[in-house]
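Asker:
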Amino acid sequence: MALGLIVIVACVGAGVTLAQTSPDQTSPDLASPSASPAKEISVGIKQAPPFAFKLQDGSWSGLSIDLWQKIAGRLNLRFHYVEV
Numbered sequence: 011m012a013l014g015l016i017v018i019v020a021c022v023g024a025g026v027t028l029a030q031t032s033p034d035q036t037s038p039d040l041a042s043p044s045a046s047p048a049k050e051i052s053v054g055i056k057q058a059p060p061f062a063f064k065l066q067d068g069s070w071s072g073l074s075i076d077l078w079q080k081i082a083g084r085l086n087l088r089f090h091y092v093e094v
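What follows is the structure, given as structure tokens:
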């Protein structure tokens, strides 16, 4: 549960920070994400229902997972989960 909360707080904090940055202060990488290939990041994850839990097929689900996938999609981030 603590990891799920950490992920949510980190994602919300990152979103707020990006939302408050004016375009002239944005780094070139953030200003045009299509200009450079997306790097893949590792996302640490553990079982913490209802925030994060592993399904029978090995995929992950839960509130934190749904939120992270929406944020990563909007920011055009490639990622993979690393179970901790």
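In my numbering, the protein residues as written are 11 to 94.
Ideal Cβ positions, reconstructed from N, Cα and C, are used throughout, including at glycine.
1) From what residue to what residue does the beta strand (DSSP E) around Ser74 run?
2) What are the start and end residues of the beta strand (DSSP E) that includes Val92?
3) Can you give me the start and stop residues for the beta strand (DSSP E) that Gly68 sits inside?
4) Within 10 angstroms of its Cβ, does Gly72 collect 16 or more other Cβ (buried), or is it exposed?
5) Find out if the Cβ-Cβ distance for the pair Gly61, Ser74 is shorter than 8 Å.
6) Which partner residues of Ile55 appear in the DSSP bridge assignment?
Answerer: Straight from the coordinates:
1) Here residue 74 refers to the residue found at position 64 of the sequence shown. For Ser74, there is no enclosing beta strand (DSSP E); the enclosing alpha helix (DSSP H) has its first and last residue at 73–84.
2) Reading the sequence shown from its first residue, position 82 is the one you call residue 92. Membership of Val92 in the beta strand (DSSP E) is indicated by the continuous run 88–93.
3) Looking up residue 68 in the sequence shown gives position 58. Taken as a continuous stretch (DSSP letters only), Gly68 belongs to no beta strand (DSSP E), as it is neither H nor E.
4) Reading the sequence shown from its first residue, position 62 is the one you call residue 72. Buried is the call here.
5) The sequence position of residue 61 within the sequence shown is 51, counting from 1. The sequence position of residue 74 within the sequence shown is 64, counting from 1. It is Phe, not Gly, that sits at residue 61 in the sequence shown. With a cutoff of 8 Å on beta-carbon distance, Phe61 and Ser74 are scored as near each other.
6) Locating residue 55 in the sequence shown gives position 45, where the first residue counts as 1. By DSSP's assignment, Ile55 forms a beta bridge with Glu93.
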